[in-house]
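Peer 1: The numbers in my numbering rise by one with no breaks, and the one at position 655 of the sequence shown is 675.
We put the beta carbon where it would ideally sit given N, CA and C, even for glycine.
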Amino acid sequence: MTIAREIPTTDATDPIDTADTIATTVSISILQNIERRLLWLSTLMIHHANNVRPNPDKTKVGGHQASAASSVSILTALYFHFLKPTDRVLVKPHAAPAFHAAMYLMGVLPRSYLTRLREFGGIQSYPSRTKDVSPVDFSGGSMGLGPVAPTFAALVQQYAEAHFGHTTANRFIAISGDAELDEGNIWEALIEEELQRLPNTIWIVDLNRQSLDRITPGVRAAKLKKLFADCEWRVLEAKYGHDLQAVFACPGGEALRQCIDDMSNEEYQHLIRSDGATVREALARRPYGQDILRCLRDVSDAQLPTLLGNLGGHDLRLLIDQLREAERTTDRPSVIFAYTIKGYGLPIYGDPANHAALLSAERINELRASLGLTEATQWDGFDPDSPEGRLCAERGQFLRLKERARDIPPTPVRAADVPDELNATAMPIVSTQEAFGRAMMRLADVPKVGARIVTSSADVSVSTNLGGWINKVGTFTLREATDYEAGRARILNWQLGRAGQHIEMGIAEMNLFSLIGQMGMAHELMGQLLFPIGTVYDPFVCRGLDAIIYGLYSGAKFIFVATPSGVTLAAEGGAHQSSVTPSLGIELPELDYYEPTFAIEVEWALCEALKQCCDRQQGRSSYLRLSTKPIEQALLEPVMARLGKDELRRQFLAGGYVVHRSPAPHDPQSALHIVTTGVMLPEALEAAHYLESEGASVNLINLTSPRRAYDDWHAAQQRGDDAHHLAMLIPADARRAPILTVHDAAPHALAWVGSVFGQKTRALGVNKFGQSGYRADLYRYFHIDAESIIRHGFALVDESLRS
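(1) Give me the residue from R756, A757, V587 with the minimum Cα distance to A796.
(2) Identify, in the order they occur along the chain, each residue of the same chain with its Cβ nearer than 7 angstroms to the Cβ of E252, setting aside the five sequence neighbours on each side.
(3) Short of 7 angstroms in beta carbon distance, which residues of its chain neighbour P712, apart from the five on each side in sequence? Order them along the chain.
(4) Check whether the Cβ atoms of G554 and I536 lie closer than 8 angstroms to each other.
(5) Leaving out five residues before and five after V168 in sequence, what residues of the same chain have Cβ atoms less than 7 angstroms from its Cβ?
(6) How close, in whole Å, do the beta carbons of G332 and G261 come, if the pair is a contact with beta carbons under 8 angstroms?
(7) For Y308, which residues from the same chain have a beta carbon less than 7 angstroms from its beta carbon, with the 5 sequence-adjacent residues on both sides left out?
(8) Between R314 and S406, what straight-line distance do the alpha-carbon atoms span, to the nearest angstrom?
(9) Determine the closest residue to K649 out of C634, T617, S642, A661, with distance taken between C-alpha atoms.
(10) Which class does M126 belong to by DSSP, given the choice of helix, strand or coil?
(11) Spatial neighbours of I42 within its chain, please: CB distance less than 6 angstroms, with the 5 preceding and 5 following residues excluded, ordered by chain position.
(12) Give me the Cα-Cα distance between R640 and D732, rounded to the nearest whole angstrom.
(13) Which whole-angstrom value is the C-beta distance of E345 and L256, which I expect to be below 8 angstroms?
(14) Alpha carbon to alpha carbon, how far is R499 from A180? Give it in angstroms, no decimals.
(15) Which value, in whole angstroms, describes the spacing of the CA atoms of V861 and H693?
(16) Identify, in the order they occur along the chain, each residue of the same chain with its Cβ nearer than 7 angstroms to the Cβ of E203, setting aside the five sequence neighbours on each side.
(17) Select from K78, A716, V786, F402 the residue whose C-alpha is nearest the C-alpha of L58.
(18) Rounding to the nearest angstrom, what Cα-Cα distance links A446 and A619 in this structure?
(19) Measure from the alpha carbon of A729 to the alpha carbon of each residue in L486, V773, L103, L264, then state which is nearest.
(20) For the segment 357-368 against the segment 296-304, are there 3 or more C-beta pairs whose distance is under 8 angstroms?
(21) For the putative contact between A601 and D558, defined by C-beta atoms under 8 angstroms, what is the C-beta separation to the nearest angstrom?
(22) Taking all protein chains shown into account, do 16 or more other C-beta atoms lie within 10 angstroms of the C-beta of P113, making it buried, or fewer, making it exposed?
(23) Out of curiosity, what's the CA-to-CA distance linking F100 and L411?
(24) Report buried or exposed for A79, applying the criterion of at least 16 other Cβ atoms within 10 angstroms of its Cβ.
(25) Which residues share a DSSP beta bridge with R254?
(26) Out of curiosity, what's the CA-to-CA distance linking G127 and T96?
(27) How big is the Cα-Cα spacing for I195 and L110?
(28) So, for I340: in the same chain, excluding its five sequence neighbours on each side, which residues have a beta-carbon less than 7 angstroms away from its beta-carbon?
(29) Assuming E524 contacts N485 under a Cβ cut-off of 8 angstroms, what Cβ separation, rounded to an integer in Å, is found between them?
(30) Decide yes or no for the touch test of the segment 747-766 against the segment 782-796: beta carbon pairs closer than 8 angstroms, at least 3 of them.
(31) Considering V176, what are the terminal residues of the alpha helix (DSSP H) in which it resides?
(32) CA-CA distance, T724 and Y643?
So this is what it looks like as structure tokens:
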């Protein structure tokens with residue numbers, strides 16, 4: 021029984037010069053032996069997880085034996101020959117088992133983890149920077165976010181090198197499946213001009229021509245290559261292996277090449293899985309069939325299907341040659357299209373339905389026997405004294421994979437180096453967006469901190485108040501540019517060069533968040549701490565949400581300032597009026613969210629966000645939701661006088677503070693809590709004063725960080741106590757009073773506050789799409805104006821009195 025198309029062997033005397041990496045000469049046959057072991061171990065790991073390890077809930081564990089198999093040659097060429105210690109690699113998600121097998125063979129991953137694929141605390145389904153034991157450079161997953169991550173990291177490295185002179189990484193490599201190139205964010209990234217200038221980026225496309233459900237159309241590869249070329253990438257390919265190329269050189273060989281080039285993917289996949297006689301007969305029926313047969317005269321029927329499947333993505337020498345060619349390209353990024361076969365080396369080789377297919381126990385046994393292994397030796401690496409064992413050990417040591425975490429330098433900036441506030445020029449009436457712009461100007465001058473701040477924007481720098489910052493620090497670009505407008509009066513002075521501290525993106529929020537996410541990992545990836553601050557219109561946070569989640573999941577520390585926000589934007593209309601973003605700020609893991617009202621609060625939030633970036637272990641990313649609504653700063657003075665600045669700042673950062681509380685004594689039956697956040701405070705305060713004048717007792721709370729307040733309450737629940745911030749804001753004798761929440765956002769974002777102490781709650785907010793109009797009109801329409809707050813406040817008090 022034929023189990024699989026075997027990995028071809030080459031004479032051991034056929035060496036590859038590796039003098040540029042380690043002091044040995046490696047033969048192709050040694051690499052092929054390692055390749056076979058990677059294939060076996062990755063296949064066995066998936067088999068063990070699904071069929072051997074106890075499975076208490078009987079649900080399929082999953083794994084992708086065929087997808088991992090198509091990448092084993094690429095991984096072998098990279099990790100056991102091409103890579104250098106300063107390279108950082110994104111591994112195709114479905115190749116995770118093969119990657120971890122490579123880490124095991126190089127002595128990085130303990131053997132015990134091989135049986136823990138997709139187990140809690142074990143090897144993750146897809147490579148994870150934060151969850152895996154192996155040194156994963158970039159987390160992998162779906163939606164095309166993985167492949168673009170190293171590309172943006174490459175831009176960050178160029179920035180860091182230009183500003184600080186040294187980085188611990190200088191080349192970035194991505195392995196992507198061809199089906200993942202369906203994702204639109206990949207093409208958004210590739211058309212970004214700055215990414216087209218990177219000299220330190222290599223992509224390898226694992227072109228196995230199969231997606232989850234089908235064989236992809238034959239014209240796809242040509243289209244993909246053209247798209248990369250049009251984006252100014254150098255396009256290379258590893259299409260046909262040396263065995264096929266040798267036959268192409270024979271008389272009639274060009275006809276065979278043309279035949280395969282013209283063949284549909286479906287027919288090709290069918291033929292490589294057919295017997296030799298069937299293949300020969302099919303080729304004979306093609307145009308110039310007799311020429312094709314002539315070049316195949318010395319190829320037996322038994323050899324013919326394997327020869328036809330001799331693709332360049334499984335030819336180690338060809339892969340290494342193309343990697344070296346990409347390495348020589350220093351003026352632009354390179355992409356290598358590596359033609360592979362899904363399921364390479366396995367019985368499910370080339371099967372259209374092999375995406376999630378698992379080998380049976382019988383086939384696993386046969387495959388094990390074909391490799392000369394037994395059940396007792398099936399998890400073994402190589403004998404340390406064998407050529408393969410020596411190469412694995414040398415590569416592991418050379419790449420310093422075990423030392424990767426220890427090689428990260430100490431952070432050059434500590435949280436204590438970041439001030440608590442910035443003392444920007446105070447204005448009597450100012451918006452939080454304007455206050456942000458003023459704060460950025462002051463941050464540029466903060467010792468240690470200012471030099472490491474780098475901002476970015478999706479073509480909205482001026483309208484998010486970054487203009488002053490950009491005029492002060494300049495704009496970074498990889499190529500010096502002539503400023504033809506120099507000397508003319510203008511709001512924004514684009515000083516373009518490698519010294520700038522702002523990177524301007526096109527109108528693609530996914531790119532913005534991909535970039536600041538990689539900036540937020542610069543310390544771990546390349547040894548240089550950056551403070552990334554991105555600005556975006558608040559409604560378009562949702563447009564970049566996938567990249568935000570990817571960055572948070574990967575452990576990045578970044579800041580994004582979203583402004584303008586809410587229906588407060590008024591005349592801009594419903595398409596630019598956000599409502600659901602606060603819920604994201606409350607719910608996304610590893611993210612702090614602030615919605616300040618006053619200028620000093622913007623400074624507190626921004627400085628705290630920078631302090632969080634200094635804490636590389638426990639720190640969080642931060643989201644500041646700002647507005648263009650002018651706010652009278654004097655409204656904060658009574659609170660400041662009552663609490664003092666230090667205590668007010670503490671309470672602001674903890675989640676909120678009491679703005680106004682009716683003086684005792686008061687009638688408990690007429691008590692009411694109003695909880696608001698951000699720019700709705702003036703309306704809430706106006707309503708509170710009116711309600712109080714009519715006999716109600718009002719406790720007005722400004723919930724400055726609903727996220728921090730919620731997390732504090734949730735932690736107290738887990739502990740089983742009431743030691744949380746809201747317990748201070750809502751005193752024990754007022755926990756039977758109803759709560760009215762008011763928010764320029766979806767009302768459910770604050771509705772949870774009533775459940776803290778089981779109080780009756782009514783939530784006001786934006787539960788419809790907005791439209792253009794004056795702010796007062798929109799507030800009335802959504803019932804978040806002062807009059808509506810008063811009306812609902814009276815209704816809640818009346819209900820309390822009746823009960």
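Peer 2: With the given structure in hand:
(1) V587
(2) Q216, R352
(3) Checking the sequence, you will find Glu at residue 712 rather than Pro. Excluding sequence neighbours, E712 sits near S682, V718.
(4) yes
(5) N205, I206, A209, S534
(6) 5 angstroms
(7) A275
(8) Rounded to the nearest whole angstrom, the CA to CA distance from R314 to S406 is 43 angstroms.
(9) Nearest C-alpha to K649: T617.
(10) coil
(11) Confidence at I42 is low in this model, with a pLDDT of 40, below 50, so its placement is unreliable and the value that follows should be read with caution. Once the five neighbours on either side are set aside, the close Cβ partners of I42 are E414, F418.
(12) 15 angstroms
(13) 6 angstroms
(14) 15 angstroms
(15) Only positions 21 to 823 of the chain appear in the structure, and residue 861 is not among them; the question remains open.
(16) M163, G164
(17) Closest by alpha carbon: F402.
(18) Taking the straight line from one Cα to the other gives about 8 angstroms.
(19) For the set L486, V773, L103, L264, the Cα lying nearest the Cα of A729 is the one of V773.
(20) No, the segment 357-368 does not touch the segment 296-304.
(21) The sequence as given places Thr at residue 601; Ala does not occur at that position. 5 angstroms between Cβ atoms; contact.
(22) Looking at its Cβ environment, which holds 16 or more other Cβ atoms inside 10 Å, P113 is buried.
(23) 7 angstroms
(24) For the record, residue 79 in the displayed sequence is Thr; it is not Ala. Answer is exposed; the Cβ neighbour count stays below 16.
(25) S354
(26) 15 angstroms
(27) Whole-angstrom Cα-Cα distance: 6 angstroms.
(28) I36, A97, H101, F102
(29) So it is not a contact: roughly 15 angstroms between Cβ atoms.
(30) yes
(31) Where V176 is concerned, the enclosing alpha helix (DSSP H) stretches over 165-184.
(32) 12 angstroms
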